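Numbering (our numbering), first residue to last: 1 to 115. We put the CB at the ideal spot given by N, CA and C, even for glycine. As the structure is a computational prediction, the values presented were derived from the model and not from experiment. Data block below; observations after.
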Amino acid sequence: MRQIARVPRPTINIVRLMIYHDGVGAYLFGFDTLVDAGCRWDEWYETAEDAQGAAEHNYGVGPADWQPIPDPLPHCYETCIAPVRPKGSPDGNPQHGRLETLVNNEWVDFHPEQL
Numbered sequence: 001m002r003q004i005a006r007v008p009r010p011t012i013n014i015v016r017l018m019i020y021h022d023g024v025g026a027y028l029f030g031f032d033t034l035v036d037a038g039c040r041w042d043e044w045y046e047t048a049e050d051a052q053g054a055a056e057h058n059y060g061v062g063p064a065d066w067q068p069i070p071d072p073l074p075h076c077y078e079t080c081i082a083p084v085r086p087k088g089s090p091d092g093n094p095q096h097g098r099l100e101t102l103v104n105n106e107w108v109d110f111h112p113e114q115l
């Protein structure tokens, strides 16, 4: 399960949060941009409710602020909203630093600097 929320009173560094529950625990990710990009930091919590509590306490993000988003596809980064993965990862040969994203059911080159 993943959820995202905009920070209602953004700080200099954080404007968006994401929670990803992987079945073992929950990660709270902080982002310095509203654009789909890598996170600035992450924290681990035992439950998604604990992560939501930290988000509310530290950033003023309440329960109604969270929007569900789909879980990442296999081999894709959990911090990206869109499906983004290292090239070659489905074959067991990930080419770290070379990324691809799913567009119209086709994997195409992805260059974050173009965002």
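Bridge-paired residues (DSSP) for residue i
i, result
"L28", "I19 and E43"
"T101", "V84 and V108"
"R6", "R16"
Buried or exposed by the 16-neighbour rule on C-beta atoms within 10 Å, applied to residue i
i, result
"R85", "buried"
"Q3", "buried"
8 Å Cβ cutoff met for residue i and residue j
i, j, result
"D120", "Y27", "With the chain represented from 1 up to 115, any question about residue 120 goes unanswered, as that position is not in the structure."
"I19", "A64", "no"
"V7", "I14", "yes"
"G116", "R16", "Residue coverage of the chain in this structure runs from 1 to 115, which leaves residue 116 outside it and unanswerable."
"G30", "T79", "no"
CA-to-CA distance, residue j to residue i, given in whole angstroms
i, j, result
"M1", "E46", "14 Å"
"P83", "T101", "5 Å"
"D36", "F110", "12 Å"
"P90", "D22", "20 Å"
"P94", "P68", "28 Å"
"L73", "L34", "21 Å"
"E106", "R98", "16 Å"
"A55", "A5", "9 Å"
"H96", "C76", "12 Å"
"G53", "G62", "8 Å"
"T11", "P112", "23 Å"
"D71", "K87", "19 Å"
"R40", "V103", "26 Å"
"W66", "V108", "30 Å"
Can you check the segment 47-71 for any alpha helix (DSSP H) of at least 4 residues that lies completely inside it and give the ranges in chain order? 48-59
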